[in-house]
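Everything below concerns the one structure shown next.
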Amino acid sequence: MINVLFFGPVADRIGGNRLQAEFRAGMRLQDLRDELVRQYPQAFEIVSMMAVNGEHVRNLSLPLADDSEVAFMAKFSGG
Amino acid sequence: MKEAVRIQQEDFSQDEEVAALKGSSKRMGGIGTFLGCARDFSEGREVEQISFEAYGSMALSEMRKLRADAIEKFALLDARIVHRIGTVQGGDNIVFIAAGAEHRVAALEACRWIIDELKQRVPIWKKEVTPQGDAWVVPHP
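Sequences listed follow chains A and B, in order. Residue numbering for the first sequence follows my numbering, starting at 12 and increasing by one per position. Residue numbering for the second sequence follows my numbering, starting at 418 and increasing by one per position.
Spelled out as structure tokens, the structure:
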């Protein structure tokens, strides 16, 4: 499974902080994003940052491993 | 001694952080600090409270990298970064950065660089609680 995390404004639009997506061999970050955009279009309007296993990722063609932790995030506003 | 990089609910003491920084080297000739506070007015509205949410493990790891990057980039002798999460009131402390170097220019420039980078790199979000309702903050460029 892929553990998907949401925070702050994105979590509000999703209606939760986490969900699990089924892992498929050869799955890329783009595949997971496309799947979630279809389910939560409003939330993904404000997604501009992504992280895989706690590291910033910009490359949507990144292959995902089973048990990965993926976060789709709005622009940060700390500080 | 407290860790040099922390995310915590409770307030911090600037004196303690500066003392810890100074304690790391007697070669330090300049210390630059930045204190970020909660404003009680924003975008034309009164703000009652600000609540912060973080992707905790990633935020801490990014702040540690940020400290290491700053130490290398500005040849700092040491640096400390503390960010609060949870709910704060107007006037409360939010974030503290201290950078120590042999000379003032590196200390001051590093401090400015760290807070600017923190806003770009560290996954923390703030929500303003106002009499008109709650709103997540859209970052300024």
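All residues carry an ideal CB built from backbone N, CA and C; glycine is no exception. Remember, predicted model here, so these are calculated numbers, not experimental data.
Between the stretch 436-450 of chain B and the stretch 72-84 of chain A there are fewer than three inter-stretch CB-CB distances shorter than 8 angstroms, so the stretches are not counted as touching. Where B:Lys544 is concerned, the enclosing beta strand (DSSP E) starts and stops at Ile541 to Thr547.
With a 10 Å radius around the Cβ and a threshold of 16 neighbouring Cβ atoms, B:Phe458 comes out exposed. The Cβ neighbour count for B:Cys454, taken over all protein chains shown within 10 Å, is under 16; the residue is labelled exposed. Taking 8 angstroms as the upper bound on Cβ-Cβ separation, chain A lies near residues Val512, Ile532, Leu535, Lys536, Gln537, Arg538, Val539, Pro540, Ile541, Trp542, Lys543 and Lys544 of the stretch 512-545 of chain B. Separation of B:Gln431 and B:Phe513 (C-alpha to C-alpha, rounded to the nearest whole angstrom) is 7 angstroms. For B:Gln537, the enclosing alpha helix (DSSP H) begins and ends at Arg521 to Arg538. Proximity of A:Glu66 to chain B, defined by a Cβ-Cβ separation below 9 angstroms, is satisfied. In the structure shown, B:Ala421 falls within a coil segment according to DSSP collapsed to helix, strand and coil. Of all residues in the stretch 78-89 of chain A, the ones placed with a Cβ closer than 7 angstroms to any Cβ belonging to chain B are Ala82, Met84, Ala85, Lys86, Phe87, Ser88 and Gly89, in chain order. A residue is called buried when at least 16 other Cβ atoms come within 10 angstroms of its Cβ; B:Val554 meets this threshold and is buried.
Chain order gives the chain B residues near A:Ala62 as Tyr472, Met475 and Pro540, where near means a beta carbon separation below 8 angstroms.
For B:Gly440, the enclosing alpha helix (DSSP H) has its first and last residue at Gln431 to Gly440. According to the DSSP secondary-structure assignment, A:Glu66 is paired through a beta bridge with A:Val63. Residues of the stretch 30-55 of chain A that bring their beta carbon within less than 8 angstroms of a beta carbon in chain B are absent altogether. The shortest C-alpha to C-alpha distance from A:Lys86 to any of A:Ala22, A:Asn14 and A:Ile13 is the one to A:Ala22. Per DSSP, A:Gly19 is not a residue of any beta strand (DSSP E); the alpha helix (DSSP H) it occupies stretches across Gly19 to Ile25.
Listed as beta-bridge partners of A:Val15 by DSSP are A:Leu30 and A:Val81. Two segments are said to touch when three or more pairs of C-beta atoms, one from each, lie closer than 8 angstroms; by this definition the stretch 468-475 of chain B does not touch the stretch 45-56 of chain A.
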